[in-house]
Structure formats: structure tokens, C-alpha cells
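Residue numbers (my numbering): 1 to 236. The beta-carbon is built from N, C-alpha and C at its ideal position, and this holds for glycine as well. As the structure is a prediction and not an experimental result, all values here were calculated from the model.
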Ligand code: PXP
């Protein structure tokens with residue numbers, strides 16, 4: 001099982017001040033040093049965090065693999081063909097959302113997605129589809145010849161422990177098994193954190209986890225003491 005680290009929120013912090021720090025690329029290199037086997041980022045149409053400049057620098061710097069989440073639009077296709085990430089992860093996108101809400105509706109967008117995926121793959125880019133734990137949607141992913149799917153763990157992660165969360169977990173377990181048995185590589189992510197990862201990490205069909213927010217949040221807390229000591233040393 002592998003961990004791919006999403007570094008979007010280093011860029012969110014940078015954009016809070018329109019500054020040049022923290023540098024997301026530096027975070028990516030340190031994440032790789034710590035054992036991450038992939039670096040993920042999401043270029044949104046409003047460029048609220050990751051920008052073209054970040055994609056270019058990441059492409060030149062990281063040594064594992066670059067996974068870029070993007071909407072299935074013409075604009076994003078052009079960016080992908082220029083940057084050539086190792087993997088494009090197709091996600092739905094709404095301008096007003098704080099983070100990705102739900103998986104892509106593959107059934108409703110099949111014809112368009114088929115040609116979009118084909119043109120990315122012809123350029124040597126692997127394509128992943130972010131999908132809800134729903135077997136009909138996963139069956140449709142298979143028909144699109146994508147290279148892998150990422151099962152959305154967001155519903156499971158948003159619920160508190162109890163019956164409803166168990167139901168959401170069972171849906172992820174069934175979806176992983178169904179996708180794997182259909183011949184798809186299985187990734188999973190969204191909302192995973194230090195408290196809820198255990199039952200998801202126990203699902204044998206999942207090869208890779210994509211985790212961002214909880215890791216960036218912990219990095220900020222884990223680093224505060226050293227940051228304060230460094231500043232005090234300069235003041236004194
Ligand atoms: N997978 C996808 C498709 C996402 O859009 C995101 C959020 O950018 C993640 C995984 C990571 O989610 P989180 O930041 O909650 O760990």
C-alpha cells in the first residue's frame with residue numbers, strides 16, 4: 001500500500017498572503033523524503049491554490065510520480081498535455097465548493113469522457129477517475145478504459161462512528177472488491193485522517209491512498225515549536 005500526499009494546502013497558505021512561502025514544491029520534496037510515493041495536487045479553474053507555475057516546478061523536481069487532479073474540461077486537457085503528469089485524476093468541480101464534493105458522474109458524461117481520456121492516454125498520461133463507491137459508476141469507469149479509479153472515501157470520513165459510518169465503510173469495501181475484480185487498479189481518498197484511516201487501510205484491494213488536508217494540518221502543528229524557537233533565537 002502506498003501513500004500519495006496532496007500538497008494543495010501549502011499553496012492555500014501561500015495564497016492567504018499572496019506570498020512566496022510556504023513553497024509547495026519544497027513540501028513535496030520533503031514528503032518524498034519521508035516516504036510518500038506520489039505527489040498530488042489539484043489545479044482548479046479559479047487557481048485558488050495550485051497554479052501552472054507549481055505544476056511546472058513539481059514536474060521538474062519530484063522523483064516519485066506527479067498526480068494532477070483536474071476537471072474534465074478542454075482548458076485542463078491542454079494543461080495536462082503540456083505538463084504531462086504521470087497521472088491525471090479526473091474530478092468534478094463546482095466553483096463554490098470548499099473541496100471536491102462527490103465522485104464524477106461517469107454514466108451521465110460517458111461519451112465526452114471517452115474521447116477526453118483517450119487523448120490524455122495517447123499522450124502517455126495515465127488516467128484515474130474519482131468515483132463514488134457505487135458499482136454502476138465503477139462498471140462505467142471500466143468501460144472507459146481508465147487506468148485506475150480512486151474511490152471517494154468522503155462520505156465515510158464525514159460520518160461519526162456508528163451504524164451510518166459502517167454502512168459507508170461497507171460501500172467502500174464492496175466498491176474496492178468490485179473494481180478490483182473488474183480488473184481496475186484501486187486507489188482511495190478524501191477526508192482520510194489519523195483517526196479514520198485504520199478500517200480503510202485494512203481493505204486489501206486498495207493500492208494507494210491520496211491524503212492531503214490532515215497531513216498538512218498535522219505538519220503545521222508538529223512544526224510550531226521549532227518555528228517559535230527559531231524566531232526567538234533571532235530576536236534574542
Ligand atoms: N482525492 C481527491 C480526488 C481530492 O479531490 C482530494 C482533495 O483535493 C483528496 C483525495 C484529498 O482529500 P483530503 O485533502 O481530504 O485528504
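- Contact check for residue 151 and residue 188: beta-carbon distance about 5 Å, within the 8 Å limit, so the pair qualifies.
- In terms of CA proximity to residue 149, 181 leads the group 194, 156 and 181.
- Taking 4 residues as the minimum length, the alpha helix (DSSP H) runs contained wholly in the segment 38–64 are 52–61, in order along the chain.
- A residue is called buried when at least 16 other Cβ atoms come within 10 angstroms of its Cβ; residue 69 meets this threshold and is buried.
- Excluding its 5 nearest sequence neighbours in each direction, residue 97 has no C-beta neighbour in its own chain below 8 Å.
- Here residue 208 really is in contact with residue 4; their C-beta atoms are around 6 Å apart, less than 8 Å.
- Relative to the ligand PXP, residue 12 has its C-beta separated by 7 Å or more from all heavy atoms.
- In this structure, DSSP gives residue 93 a state outside helix and strand, which the three-state scheme calls coil.
- Between the alpha carbons of residue 107 and residue 134 lies a gap of roughly 11 Å.
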